[in-house]
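Chemist: To convert, note that position 157 of the sequence shown is 157 in UniProt numbering; the numbers rise steadily by one, no gaps.
Quick reminder that beta carbons are idealized off the backbone N, C-alpha and C, glycines included.
Sharing a structure, written as structure tokens. Questions coming.
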Amino acid sequence: TNDGKEYLTQDHLQREVKDELYVRGGRANLIELAKVLNVDFGKIEYIAKQLVDHDPELHFLLGQLIEKSYIERVASEINQKLVQYGEINIGQLTVTYDLPTDFILNEIVLANLQKIIFAKQDPSNGHIFFTKSYIMRNKAKIRGALAAITKPTPISVILNLTDVPARILYMSLNEMSSLGSVTVQSPAGQYIPHVYERMQADYVKDYFHQNGYITNDTVAKLGVSDVRSFVRTRMPDEKVINMKNCIVSNRLIERVKDAMEVCISSNSYLDLSTLLPPGLSNENIEEILTHILTPAIRKQTYVFGTVVLTINFMDECVKGCQELVNEHAKRAVESGNYQKYMAEKMMQHQDANSFGLDDEKVDKREERRKKAASGKVGGGAQGRETKTKSTKKHARGNKGNAMESDDDGEMQSGAGGKKGGKEPHLELITVKEIAKVVEKVLEPEGLEMLDKDLAHHYYPTLSKQALAKAHELYELTLQKSSQNRRQTHASIQEKLNTLYNDIRLYEKGLKLFPSDVQGQLLKYLLKTFGTDICNEICLYVAAECNLNTNFSGALTAEQRTKIANDSAAEYRVPLQTLCKSLTTSESVEDFLEKTEKTMQACSMMLKKIDKKKDRYVWV
């Protein structure tokens with residue numbers, strides 16, 4: 001012994017170790033045995049190894065002696081736990097019994113399996129054992145849960161609700177694949193029952209056959225990610241047309257085509273919103289139209305939203321606008337608005353042409369400057385080099401070059417501004433007026449919401465027609481005005497010739513009166529017949545120059561002077577001289593001379609004097 005008071009034989013020490021092992025239930029630690037027996041640890045370890053070598057039922061493990069009885073007792077306890085919990089994990093047993101995992105698995109569990117421990121080893125994880133009743137109980141729970149599920153459900157939810165281990169759930173799902181399918185073999189996946197897939201397919205088929213279409217959103221709400229593939233696999237024999245956000249049956253397209261042919265043949269219209277299902281949006285209807293409207297149909301129809309109008313129907317709708325066009329064109333010509341528009345247009349073209357000529361002059365001037373700036377001048381042996389001033393404008397230099405460059409820039413910008421000026425515009429008919437006429441035709445058909453669309457569509461055409469009609473009326477007015485002017489010119493010329501001859505004859509008659517009376521009679525003659533000549537010529541000139549002639553009664557001296565001053569340059573000087581001669585002339589010959597010059601300015605001719613007729617008048 002350690003204290004040296006006693007001496008033990010090997011056999012006695014072996015007997016005492018066996019006794020202590022029995023007392024301790026078949027498991028004893030060598031360190032504790034050394035303390036209890038008061039023997040050196042080395043001696044105890046030596047004896048333990050001898051016992052293990054001679055007795056196969058003994059195990060020496062981690063400084064401990066373990067007897068078979070202890071193993072059987074632990075196996076019995078494990079079996080009780082299996083009966084209680086239905087499942088056991090070797091890792092948990094390792095912590096409970098403080099033994100190595102391999103020893104518990106091989107020497108305790110597997111060695112006593114189906115003897116003391118009645119369980120089944122998990123094929124996917126050899127450290128887990130469970131009883132048959134436990135598996136059947138969990139499978140029953142899983143089968144009931146899966147049978148009750150009618151929509152896609154996450155695996156994690158099923159695990160929480162059934163409180164079944166994940167491995168048993170997946171094992172049961174694989175065995176019960178007829179009930180449904182799993183998207184991902186993980187708690188994040190979903191279980192999709194077959195009844196839900198069948199319900200999806202039935203819903204899509206019924207909806208599609210009943211309505212002739214189905215939207216992508218409708219199918220997506222059922223939990224389908226790939227809509228087109230789902231519809232194609234569920235309805236392989238159905239002819240469908242895939243659109244941006246819906247799938248349409250070919251039967252629906254054919255129905256629209258037939259209605260379109262009837263619409264064109266009857267010169268009518270087609271409202272697709274009344275023909276197609278109400279669930280289709282305007283965007284869907286427009287997409288359907290793109291599949292229907294062939295180039296031939298497009299030539300005969302116009303589309304406004306969901307309404308298709310034939311061109312003949314549209315022409316009938318705007319037929320009433322022709323009266324409006326003629327009326328507005330006539331009013332524009334009568335009021336002078338069209339004439340003003342033509343004058344502005346002509347002036348703008350003249351400005352553009354003048355600036356074009358200026359540009360050409362500038363280009364020619366630049367060309368001459370470049371030719372003059374050539375490096376050498378002269379020819380033959382006598383030619384000599386001459387230096388010329390460079391025309392290149394540098395960024396740095398004198399002020400003159402900078403100002404010259406600025407002037408050129410202003411000239412170019414000014415010309416560009418004129419050329420890019422706004423074209424004169426004359427609006428003879430408005431969109432609102434067209435819409436008002438069209439609305440009366442569309443209202444009985446229930447299409448009054450398209451009045452503005454049609455008005456905007458026909459506005460350019462009707463505007464051109466109105467301008468063309470105004471131009472036609474303007475041409476007729478010019479022709480009538482020209483004819484009237486020629487007649488007026490001839491009548492005034494005849495009248496002036498008559499007055500001219502009357503004054504000339506009266507002037508001859510005045511010479512028969514006494515000289516003291518002749519001056520008064522001369523003034524009276526100019527005041528009467530001379531004033532008539534001046535008035536006629538002034539009114540003629542005012543008409544030619546488009547001056548205001550709204551004078552009541554005979555013209556006054558101030559009115560004649562105003563007309564003379566406001567007239568064109570070709571009339572102004574002769575007419576001013578004639579008006580002054582009424583009060584300043586001292587003889588009839590002087591007045592008649594000025595009258596003759598004024599008539600020449602007005603392109604009027606004096607008739608040759610007929611002396612025979614004069615003699616007849618005197619007689």
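Let me know if A343 comes out buried or exposed under the rule of 16 or more other beta-carbons within 10 Å of its beta-carbon.
Modeler: A343 should be labelled exposed.
Chemist: Look at the alpha carbon of R228 and the alpha carbon of I311, and state the distance between them as a whole number of angstroms.
Modeler: 38 Å
Chemist: Under DSSP, the beta strand (DSSP E) around Q64 begins and ends at which residues?
Modeler: 64-67
Chemist: State buried or exposed for P193, treating a residue as buried only when at least 16 other CB atoms are found within 10 Å of its CB.
Modeler: buried
Chemist: Can you give me the C-alpha to C-alpha distance between V184 and I158, rounded to a whole angstrom?
Modeler: In this prediction, V184 scores a pLDDT of 49, lower than 50, which makes its location untrustworthy; the coordinate-derived value is nonetheless stated afterwards. Answer to the nearest angstrom: the Cα atoms are 14 Å apart.
Chemist: Are T556 and L578 close, meaning C-beta to C-beta below 8 Å?
Modeler: no
Chemist: State yes or no: is the C-beta of residue 677 within less than 8 Å of the C-beta of E87?
Modeler: Since the first residue shown for the chain is 1 and the last is 619, residue 677 is missing from the structure and cannot be characterised.
Chemist: Answer with buried or exposed for G420, where buried requires no fewer than 16 other C-beta atoms within 10 angstroms of its C-beta.
Modeler: Since pLDDT at G420 reaches only 46, below the 50 mark, its modelled position is unreliable, and no value is offered.
Chemist: Which partner residues of N29 appear in the DSSP bridge assignment?
Modeler: Q64
Chemist: To the nearest angstrom, how far is it from the Cα of N29 to the Cα of I44?
Modeler: 10 Å
Chemist: Alpha carbon to alpha carbon, how far is I155 from R24?
Modeler: 49 Å
Chemist: Please go through the same chain and pick out, in chain order, the residues whose beta-carbon is closer than 7 Å to the beta-carbon of R234, but skip the five residues on each side of it.
Modeler: A201, V204, K205
Chemist: When the Cα atoms are used, what is the spatial distance from C538 to L526?
Modeler: 16 Å
Chemist: According to the neighbour-count rule (16 or more other Cβ atoms, all chains shown, within 10 Å of its Cβ), is H328 buried or exposed?
Modeler: buried
Chemist: Taking only the alpha-carbon atoms, compute the straight-line gap between R27 and Q84 and give it to the nearest angstrom.
Modeler: 26 Å
Chemist: Hey, how far is the Cα of N282 from the Cα of K469?
Modeler: 40 Å
Chemist: Using 8 Å as the threshold, is the C-beta distance between L146 and V307 below it?
Modeler: No, the pair does not count as a contact, with Cβ atoms beyond the cut-off.
Chemist: Three or more C-beta pairs closer than 8 Å, one from the region 127-143 and one from the region 87-98: is that the case here?
Modeler: yes
Chemist: Three or more C-beta pairs closer than 8 Å, one from the region 132-145 and one from the region 162-171: is that the case here?
Modeler: yes
Chemist: Let me confirm a value: T218 is counted as buried when at least 16 other C-beta atoms fall within 10 Å, else exposed. Which label applies?
Modeler: buried
Chemist: Considering only the alpha carbon of each residue, which of A455, Y213, A554 lies closest to V437?
Modeler: A455
Chemist: Along the chain, where does the alpha helix (DSSP H) that runs through T162 open and close?
Modeler: 155-162
Chemist: Where does D258 fall in DSSP's three states?
Modeler: D258 falls in the helix class under three-state DSSP.
Chemist: Quick one: give me the first and last residue of the beta strand (DSSP E) that P193 is part of.
Modeler: Membership of P193 in the beta strand (DSSP E) is indicated by the continuous run 190-193.
Chemist: What's the C-alpha gap between P514 and L505?
Modeler: 17 Å
Chemist: Would L65 be called buried (16 or more neighbouring beta carbons within 10 Å of its own) or exposed?
Modeler: buried
Chemist: To the nearest angstrom, how far is it from the Cα of F313 to the Cα of S268?
Modeler: 6 Å
Chemist: Would you be able to state if there are at least three C-beta pairs under 8 Å between the region 489-508 and the region 559-567?
Modeler: no
Chemist: Taking the C-alpha atoms as reference points, what is the distance between P295 and Y302?
Modeler: 12 Å
Chemist: According to DSSP, which residues form a beta bridge with S249?
Modeler: V240
Chemist: Between the alpha carbons of N79 and L113, how many angstroms are there, rounded?
Modeler: 9 Å
Chemist: Helix, strand or coil for H425, going by three-state DSSP, please let me know.
Modeler: coil
Chemist: Just to confirm the assignment: which complete alpha helix (DSSP H) runs, minimum length 4, are found wholly within the region 64-127?
Modeler: Within the region 64-127, the complete alpha helix (DSSP H) segments of 4 residues or longer fall at 68-85, 90-97, listed in chain order.
Chemist: Beta carbon of C321, beta carbon of L462: below 8 Å?
Modeler: Contact flag set, yes.
Chemist: With distance defined between alpha-carbon atoms, name the residue in I247, E287, K608, L309 nearest to S265.
Modeler: For S265, the nearest C-alpha among the options comes from L309.
Chemist: Alpha carbon to alpha carbon, how far is Q50 from S69? Give it in angstroms, no decimals.
Modeler: 19 Å
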